[in-house]
Each structure stands twice: as C-alpha cells, then as structure tokens.
Amino acid sequence: MQTTRLHISGLTASISENDLKQRFSTFGDVRNVDGVGKLDGVGRPRKFAYLTLETTQPKLSRCMNLLSGSTWKGAKLRIGEARPDYRARHELETNPPPTRRPKLDALARKRARLKQKLRAKRHPTKHAKNMNPVTLDIIAKHKGWRRTPLDHLIRPMRMRPLRPLPLLPSKRPTGKQRKRKFELTRARCTVIDPARYGAVHLTADGGLLGAEVLVERDTPSGPAELPDKPTQPASSARLNDNRWDPLVLAKEKDDAMALLGGMFGNGEWAGKESISDDDIGDHMEVDPAGDEALLLTENVVDDLASDSEGEDETTEEEGEPSAPVQLNSLKDMFKPQEETGTFSLGLDIELDPEAESFLPASLTEPTHAVPDMAPPEVTSGQKNLIEFTPDLKTMMFFPRLDSKQDVFDVISEKGWEWPHPGTPDQVRAKWDKIKTDLTREYTHRHREAVKRRKRGGARGDEDYQEYSDRQSKFPLELHLRSLYIIRRARPPVVMFPMAPHSHPRRALLFTVASACSTVYASQAWPEILPRNNGIDFTSAPPNLTTLANNSLFTHWRPKAHYIAPNSWMNDPMTLWYKEDGLGGGKFKASYQAYPNHVQWGNISQASAASDDLIHWKDVPSWKDDRLTLAPSQPNDRLGVFDGTVIPKGYKGFPTLIYTGVKYLPTGWKINYTPGTETQNLAWTEDGGVTWKKLDSNPIMGGPPAGMNVTAWRDPWLFQSPALERLAASNPGTPIPLTTFNGTAPNVTANAVPTNATIKDPWFATVSGGEKGVGPHLLLYRQASEDFTQWVYLGQIFQHQGNYSWSEWSGNWGWNFEVSTVVRLGTEGDQPGEGGRDFICMGTEGGRPGGWSDHWSLWVKGNYSNGAQLTPEYAGVVDWGETYAFMSFPVPRKKGSKDIEKQPTRQILFGWAYEDDNGYGLLAKGWQGMFTLPRDMFVKRFTVQDPRAEERGSWGIVSRADSLITLETLGTRPADEVEALMKESKTKWSEKSWTHKGGVGNTTWKGFQKQPTSRHYVLSAKLTFDSAGNNTEAGFTIYKSPDGSEQTHIFYDLAAETIRVDRSKSSLVSGFNLKPDSGKLRLWNVPNKANGTKLESLDLKIFVDNSVVEIYANDVFALTTRVYPWRNDSVGLGYYTAGSGNVKFSSVKVWEGLTNAWPDRPADTSNKLVWDGPDVPWAGY
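full-length UniProt numbering puts the first residue of the sequence shown at 1, with every later residue one more than the last.
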C-alpha cells in the first residue's frame, strides 16, 4: 500500500467533498480531501482540490487512466500526482528520517578523504564555530562584523559577482592592473565589503526621493559620493555605458512604478513589484531590492528610448469610444465584463520610459459587443484588427521568430501603417543587425565557455553555467525587441490572456504587453510539449493525458470515411442532391461541428460535396473558416441542430429547415424550458457554400399547446401521396402561441391559414416525446407556398415509454431524435402503390449499456385513417457505436430495374462516435466520423423455417405450404462503395478452408498473405454444419506478433449473434474494451437435394484504422471502434471455436483503401481550445 496525494482539476461548484470521497473510494481508502469549496482571488469557487488516497500502484494507475480526462457531474476531470501537503513537507524538513552512512572499505575511505581535501583546496570555505545570531549588543565579540550608521550589521564576504565591479575611489589601478591591455569580461572572486561600495534606497512610490548613499571609509570625509561607473565588458560595448548607474536604475523604477500606479491604482499596488500566477487578485509580493540580474529587459528599455527619439508619440483612435470605465485593480482588469462577455484591457500605451505619462486616467471599453450567452466574437470599429495565434511553448505570446514568417512579413502582408521614421527595409535592416550582433555575441560566449569547461576544474564548470544562464535569456531578448516593433506598427493585436511571469521586471513587460492588446475570451488547453524522442508504438503505451495535443492525430484516423478535418463532429445534416453540381459536387453532406474543440458545444454546421459519395471536398475550405451555418440569431444563439433540405423551397432555392437552440441544458430527463427549441429556415443560392437565414425566424415557434414535451427538434421534410390522401380532410391546427425572440408574441404563427390548398404539399416531422407517456413523432403540413407557415396535424407515431418490440428490435426508450419517414420498395424509394412505410429514429433512454443510452432503430407499419403509424415489425439500423442516422433521396441510374415506380434510392449516413471513454482526447485531436454510405431497401426472401412465426425484425408476406416469404428492412454498402475496392492497391484471395470442430478448442489460422496496413476490405462466405450448434467462426484482425493485441469478429451460431471481442483490442486500458454484438438469424432455406439447409453467412468487413464496419446478408450492420496501440498489430486470420464444422470460402482481401479527402494534407490538426466549466454546454 502507498499513500498518494492527487491534484484534481476541472471541478464545478456542484461537486462536494463527499462526492469526491465516494467517487474515489473504489480505488482505495480516501484519507483526506482538501480545497473543495475554497474561493479563488476573485471570489469564485476554486476548480481544483487535493485528495489523499491510500491504495496500491495498480489501483492508482487504473484510477488515473479511467478518471483523468473523463466527464463526471458536468466536470472534465484532470488528475495528476501532487506534491505532499506543506505540513508534511515541513515536518520532513524539520525532522528528517535518520540515515545511516554506508560502511566503506579502507580504499573507499581513502578516496573520500582525498576528494574532501581537493574540494577544500578549490573552495577554501570556513564555517564559523559559533552559529548564534549576531546582534548589536554582542557585535564586539565577533571579529569581522561591521556596524553602519543606520545600525545595519554587515560582514565582508568572499564571492564572485555577476559582473566586474567598479574600482573604489581609494583604490587606483597599480602594477599589472595598469598594464592590462583589455578590460575584464568576468569578475574574479574577491572580498566584498558592502559598507565600502554603498547602497541606494528607493521609495515605494518611485523616484529617488531622499536617496541616501552610505559609504564607509577608514577616514570619514565630507558628504558621501556615488561610486564610479562600472567597467563595461568588451562584448557589451553596444550597450549604454550608464545602465548600471544608480540614478538610471532609480529612473527606471520611477517610470515602472508610475506605470503600474496608473494601471492598478496606488492604493492596491502600493509599491509592490512582483506578480506571479497565483498572486493575481489576492496579493503581490514586495521585492524592494528590485532585480539586478536581468540585463535583457533593461537593454530593451534603453533601445526603446533611443529608437523613439524624434518620433511623434501622438496617436488617434478611430471610432467613438464608449463611456469610460475606471479599472482600479487587477481584479477589475481581468474579471469578465458583463456587457461584452470578454476580457478586455482596452489600453493604448507606448513602451517609452521617457514619456511623461504612460496611461490615461480612465480606460474605455472596446467597441465590439457580443450577444448574451453567445460564443465570443471579436469585432472592432478600428480597422486592421489582426488575430495572432499565440505560441504557448515560448515564454511570450508572439509568433516564433524562427518560423518562416517573421513580424515584418506579417506587417507587410496585413498592410499595417509604419510610424517609424525610416522605410520598412531600413527597419528590417536594423532588426537584422540587432539579431546578428546578438547571435555573434552568444556564439562567442559559447566558444569561450566550452574552452573553459574543457580545461576542467570548478571554475570551468562555473563559467559554463554562467553562459547557460545567459543563453537561456537570448530568446527573451529577441521577443522583447519584436514586441516593440509590433507595437509601433500601430494596429491593435488580438491576443490570448496569459498570466504575468513571476520575475519582477519581466512581469512589468508582460503586463505592458497585455495592456497593449484586446484580449479574446477563450483559453487554450494547457499545451504539453512533444516528447524529444517521439512516441514509442512498440511497447506499452504511456498515460495518454501526458502526451502533447494532437500528437496521436494520425495514429487511429481513418482515411476512407467522411470525417471532419479536425476537432469535434457529430450528426449528419443538410443531406441533398443537386444535379448541376453547383457548390462543389452533386452530393451535399453537412455535419454538426465545433472547430478547435474535442467536446460537444456551440454546435454549428460544416459542409462538404462529392460527385461519387466517396471522394469529398470541403466547402468552402477545410481550414478554420469552414463553417457554413453558425449561431447568429436569438433563437439559435446556442446551437444549430439537425435539419433537412427541400431542393426547391423558399424563392425556388434549396431550403433548409433546422432546429435552433436558445436555452441549455436540455434533455429528456429534465424539465423542458419553453422556447428552448424552434424550427427555423435558411436558404442557399450558391449550392450550399453559404446560407441565408430568414429574418422572421422561427417558422415554427414551439410544440403543441398543453403538451409536456421532452424535446422538440430535428425536423424531417418529405412528400407522401399516402399521407396527403389520409390528411386531406384534416385542416390542421395553427402553431400554438409561443414567444418570438423571447419577448413579443409570435403574431406570424397566429395568422397561418388552415384551409390553404397546396399541390403536392411537403410534410414535416419533429422528434421528441411526452413526459410520463413515451416517445413520439409530431406531424406538420406546409401551409404556404414559401414554406414559412405550417400547421400541426397530430402524432404520426407515438408509443409507451421504455418499450421493446422484440429482442431483435432494441428499445424505444423515452424520447425520439433524428427521425426520418420513408416509403421503400425492393430497389429503393417507392412512394406509390406497393411501397412499405418505415420510420427510422434515434431513441434515448432504452439502452443503459450503450453510448449515452442511445439506440438507432427502425419500425415498419401501416398508416391508419388518422395518419398514425401502427407497428408491424421493428429492428435495428446499426447494432454498434453509431447514432443519428439521416438519409436523402438520390436518382437511380437510367435503365435500372423498376425505375418507373422506384425512381430514387435512399442513401443513409450515420454518426460513428468514439468509444475511448474520453481518454486521450487532446492527444488525438478529433472526435467522430460518418459511416460509409448505405442503401435502404425492402429485402424479401423465402424460408422453410417455423421460427418465422416468431415476433422479430421481419414480417410475413405470404405462405405456400411450408414455404414462407418474409420481408425486412435491407441495408448494405451503397453501390458507390465498390470504388473502395476497385481503387485498392493490393488484392488477393485466400484458399477455401474447413474447420473441423472439436470440444472447446479455439483455432487461429493466419492468412497466407498478411496485410501491411489497417485499411482494407475483407469478404467471405461461411457455411455452418447445422449439427454443431455451439460453433463460433469468423476472423481475427489487428493481431500483434505476440498476441498482446487482437480483435475477434465471429458469428455465435447458438446465440444467433455476431460478436466483436475487444478484450485485447488495445494495450490502452483506458479505452472501452467491452464486446459489441448484434442479433442475426441464419434461416433454414429450401434445398433441392436434402429438403432444407442452413443459410450461409455472407460477411463483408470494412477495416479503416479505428473504425470497423461489419455487414451480413444485406440485413445486418454493426459499426465498432478498435484502437490498437502497436504499429505491428496488423495480423489477419481465421478464428474458430466449438464442436461444429464450418467452411470458409470466397475469402478476398482488398488492401489500400482510397483517400476520401484528396485535397487535404495528411495532418489537418489545429489548436485545441477549452471553454471552461461555466459555458452553457459544459458537461455534455
């Protein structure tokens, strides 16, 4: 057992101390919880706490792997080991455990004595015999101690100063010192008497007020004089000679304190000079002695002063400023502003120490404004507002100067104004000269330090250490100089907030740099630096939370699927077909996106287009400006949810009707807030590249009056002659009274004509449920030619909650989402006579073991005279890790079978979510994808099997003696998916193989030829011996050479189930390694030779890195997620078990799937941003 103190961050105010104890008690004994409920510097609850856990190392590792990065009670937990409590550290320091020196043999003791003697010669240090404190009363008894006129006790010390000291007036150069031809560049160890060199005392409010220089001499004479200026090193001749003059230091401090006093107020600042990350808003540490070691900052101040000579410092602000806001403290400065929702420092100052005033008396608010609760938007009345991407790996937040584009390229590219007296080329030349001088100086220092180190000895090591300390400040000096150049280019710079450094004068520069910017209210994820030696994929994985952001971006990423370029994506939406290809391609597909994030939130729409459903092109771009529809109106301010397209709608253009979200959170388990969801209209005139929203949105303001709904979202638009006929006598009900924009009555909704006659009207369904009743689907009908008015007809489908039709059909739960209504035939859509009516829906609340309690299901039924669907049989769209399936009609090829009655086919896309438990999301840098496109149709087949009478996912069409014709919803990869196999680089077939069953044996048989990648298609036909009812047969994929990683996909004949065994699918134990499974029946079918035979199993498996799609017999689909860690986990072979016989035939492999995104680079990752726990979508 071991006791470990953990640091837990990301907590919310709702999490109590008991919650943490209960959550962590499963991993060990919780000894103590500290920090919960404490307030930070601005009076808000701290978002971290400490927990002391007594446990074993395996349990501790499991705790950190499972909980770190997971979402719990709305909190995104990040867990790491913390230092011991300060009381424990203090106890350990004051009462260290006794240690015994190891016994040495005679030779070792002799070597130790020699080393001690040698060390004493190199460092002649003596320890005082009497270590009692020296006071004024007993100073006479202690030799060497001095008493100054101000009653200070000092003692001469032998040390090596950081720089050569000035010679005292009483000691002039003599002898060798006078003959020396060069100046000293490094001070020698010497005895320093502080009383002889003196000291300068500065007041807290700045200035040299009453400065007193104390110089004690053997013979006192006259008033004290300032010491001579220090001798300058030859390598620093370019620096000002008087930079270490006490008056110069005093002037610097005077200017700095005046600046800080103006920014923060003299009351709270009170002469304090040091700012650290933890001190903001609470207290600041006083550093009265200042800092004498940072040459670089003062060099910059000197250069700023010299560069600013002769320049006009007058600036003019464009636009009318807002009412002045007085900021008197750091708390006021950095707290969120209610009016804008952003952090703002609206200052405009120059880094000129000679200016009379650094800061105006009052500060003005920025001219931009952000809607309430909307994501921050940066706009400004000033021109040339530029966004700089910060590089948090450097000590300041400017573009790296070793990149291809420096600050001059940015200034020139953006067209900034140049207030410098010289031309841009002259300024660039000066900058290049400064960099050249600095580089030459540090190169010279490096050579000299290396030489001294090679000569050995303690002094050589000290010289090299001194060089290393100076070398570490080289990037800082370059950044500080670039700060001046950028600021003098005049346009405001949008930067991310960054806490000041704890160094006193560096803190001043950080503060000034922040004050010169408008700060965007967003925070980057804590950036973790990449590992020097990369990531080892041949051994056990590290803790994924310690890896750099996006460092695993390509490791598990598919290449043949529809996937966002980076970040979060979920439901498919806005699917449609446009024959002319306007907007990038004929097939249009959009998805819900949240760029720069790996969690759900601020849902917007991003889009892509294709000419073949396989190869896609981002519209308009895969880069950061890829959104085509985003929250912008009061009714969709917190999200643009699913919607459907009418090809010729408003003004004859493609029209999207989508759900806008105004309030969060929302969910079927909590009470519904009126006005949360509305249905809105947008249209496109350029093929989906851009969308225009209707000014009078919403077109449907709320659910039926008096109905206690669980949700009201995801409209589905369709035409149906059958429903048109059944609902012809139903005039409908106007949309009930709601609120428009949250304040005024929705007058438009009240004026809907209920007797309007529209030819071939469109219908709309809206998904949801009713509290205490069950899920439902509401039906609406078009009531105006421009699609802006609709009437409510009733519930097209409603059922009791938590209901399961059969074990083959899933559970309908308590709420429907993303529902579609289609009428299908054996080849595709069949809207007329003979078609079968289906409803596909996502369900919530009926799958406790599934992802977020979700199912993707379908139901087949018949409409009553009241246009309500009566279920006949039901099934599952996909048994695996998928949700939110959406379909759209596509024209069939000319000459196809029965094309007159079935002119189109339904193409189905679903969202394949991650199954990684939220572990390692930052290292991966993306979330989710679409399944491959699928065809939907009615499959009919004949069986000779009494099990057909059971209730399941099939329906009986006809009977003839013992033969029964059945039908069900068919699903298979779309015809276009054949391109994945046709464009593969390698193709081969395996010989047929028969497994002879034995009792309980499990067989692995590798393929004769092995794949070299994780991108291939496998197809096979499996024929079972019906006598062996406990047979398991299938394939093993992703097998490592030692078998530590492997995934089995097989059919369990006894359970009538296709299973995916993921128990060893990945060495990353933090991922979900539970099995996936789905029901599939192999029927007894007629056989001319023997009467009946067991139906064969036709498998087709699409393997695309971490996503695996399994299709069987055109009636079964299961999408699973597999994350093998090792690069050599690519083995492929047969897997069998049980006593029965099974024959594998027609085994084929197509390796090297096509790239679905040819216009994208291999790595499209971007910077990840965390919104924090206080945004409306936190906890999703």
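The beta-carbon is built from N, C-alpha and C at its ideal position, and this holds for glycine as well.
State the CB to CB distance for the pair residue i and residue j, rounded to an integer number of angstroms; the pair is presumed to be in contact (CB under 8 Å).
{"i": "Thr1003", "j": "Thr1136", "result": "5 Å"}
{"i": "Ser1106", "j": "Asn566", "result": "That belief does not hold up - the Cβ atoms of Ser1106 and Asn566 are roughly 15 Å apart, past 8 Å."}
{"i": "Ser806", "j": "Arg951", "result": "5 Å"}
{"i": "Tyr658", "j": "Gly643", "result": "3 Å"}
{"i": "residue 1235", "j": "Pro665", "result": "Outside the displayed range of the chain (1 to 1180) lies residue 1235, so it cannot be described from this structure."}
{"i": "Ser1019", "j": "Ser1146", "result": "7 Å"}
Quick check on DSSP: helix, strand or coil for residue i?
{"i": "Arg951", "result": "coil"}
{"i": "Ala751", "result": "With a pLDDT of 49 at Ala751, under the threshold of 50, the modelled position of this residue cannot be trusted; read the value that follows with caution. Looking at Ala751 - three-state DSSP - the assignment turns out to be coil, as it is neither helix nor strand."}
{"i": "Met1", "result": "coil"}
{"i": "Leu630", "result": "For the record, residue 630 in the displayed sequence is Ala; it is not Leu. Ala630: coil per DSSP, three-state reduction."}
{"i": "Val1169", "result": "strand"}
{"i": "Tyr86", "result": "helix"}
{"i": "Leu922", "result": "helix"}
{"i": "Ser607", "result": "strand"}
{"i": "Asp1163", "result": "coil"}
{"i": "Thr1012", "result": "coil"}
{"i": "Ile79", "result": "strand"}
{"i": "Gln782", "result": "strand"}
{"i": "Lys1079", "result": "strand"}
{"i": "Gln426", "result": "helix"}
{"i": "Arg959", "result": "strand"}
{"i": "Ala108", "result": "helix"}
{"i": "Val450", "result": "helix"}
{"i": "Phe1050", "result": "strand"}
{"i": "Leu1073", "result": "coil"}
{"i": "His776", "result": "strand"}
Determine the extent of the alpha helix (DSSP H) in which residue i is found, giving its start and end residues.
{"i": "Lys21", "result": "Glu17 to Phe24"}
{"i": "Asn65", "result": "Gln57 to Leu67"}
{"i": "Arg725", "result": "Pro721 to Leu726"}
Can you check which of these residues, the options, is closest to residue i by C-alpha distance?
{"i": "Trp72", "options": "Trp762, Ser9 and Tyr86", "result": "Ser9"}
{"i": "Ser70", "options": "Val1175, Gly144 and Asp916", "result": "Asp916"}
{"i": "residue 1204", "options": "Gly910, Ser1066 and Asn802", "result": "The requested residue 1204 does not occur in the structure, where the chain is confined to residues 1 to 1180."}
{"i": "Val1017", "options": "Lys991, Met981, Tyr663 and Lys985", "result": "Met981"}
{"i": "Ile1101", "options": "Asp34, Pro1086 and Phe1050", "result": "Phe1050"}
{"i": "Asp85", "options": "Thr942, Arg119 and Val33", "result": "Val33"}
{"i": "Pro919", "options": "Asn549, Asp437, Asn18 and Thr538", "result": "Correcting the residue type first, residue 919 is Tyr in the shown sequence and not Pro. Ranking Asn549, Asp437, Asn18 and Thr538 by Cα distance to Tyr919 puts Asn549 first."}
{"i": "Asn1141", "options": "Leu1022, Leu1080 and Gly1043", "result": "Leu1022"}
{"i": "Tyr873", "options": "Ser804, Val1169 and Lys1039", "result": "Ser804"}
{"i": "Lys1039", "options": "Asp853, His7, Gly1006 and Ala1033", "result": "Gly1006"}
{"i": "Glu54", "options": "Phe24, Lys47, Trp988 and Ile646", "result": "Phe24"}
{"i": "Phe838", "options": "Val822, Pro848 and Lys451", "result": "Val822"}
{"i": "Phe930", "options": "Trp1150, Ile899, Thr1120 and Glu93", "result": "Thr1120"}
{"i": "residue 1181", "options": "Ser962, Gly842 and Leu723", "result": "Nothing about residue 1181 can be read from this structure; the chain reaches only from 1 to 1180."}
{"i": "residue 1183", "options": "His1048, Asn1113 and Asp1128", "result": "This structure does not reach residue 1183, given that the chain is present from 1 up to 1180, and the question cannot be answered."}
{"i": "Gly534", "options": "Thr788, Ala429, Ala923 and Leu857", "result": "Ala923"}
{"i": "Met700", "options": "Gly675, Val689 and Asn708", "result": "Gly675"}
{"i": "Asp786", "options": "Thr820, Gly649 and Thr870", "result": "Gly649"}
{"i": "Asp537", "options": "Arg445, Glu1045, Ser607 and Asn1113", "result": "With the sequence shown as reference, residue 537 is identified as Phe, and Asp is not the correct amino acid for it. Out of Arg445, Glu1045, Ser607 and Asn1113, Glu1045 has the C-alpha closest to the C-alpha of Phe537."}
{"i": "Lys1167", "options": "Gly925, Arg1014, Gly834 and Phe1071", "result": "Gly925"}
Start and end of the beta strand (DSSP E) containing residue i?
{"i": "Leu575", "result": "Ser567 to Tyr577"}
{"i": "Lys1148", "result": "Val1142 to Glu1151"}
{"i": "Glu978", "result": "Premise fails: Glu978 lies in the alpha helix (DSSP H), Glu978 to Lys982, not in any beta strand (DSSP E)."}
{"i": "Gln795", "result": "Trp790 to Gln798"}
{"i": "Asp1104", "result": "Leu1097 to Asp1104"}
{"i": "His995", "result": "Trp993 to His995"}
{"i": "Ser864", "result": "Here Ser864 belongs to no beta strand (DSSP E), and DSSP marks it neither H nor E."}
Give a yes or no on whether the minimum CB-CB distance between residue i and chain D is below 8 Å.
{"i": "Ala711", "result": "In the displayed structure, chain D is absent; only one protein chain is listed."}
What are the uninterrupted segments assigned as beta strand (DSSP E) that are 3 or more residues long and contained completely in the segment 634-685, given in chain order? 640-646, 655-661 and 677-683
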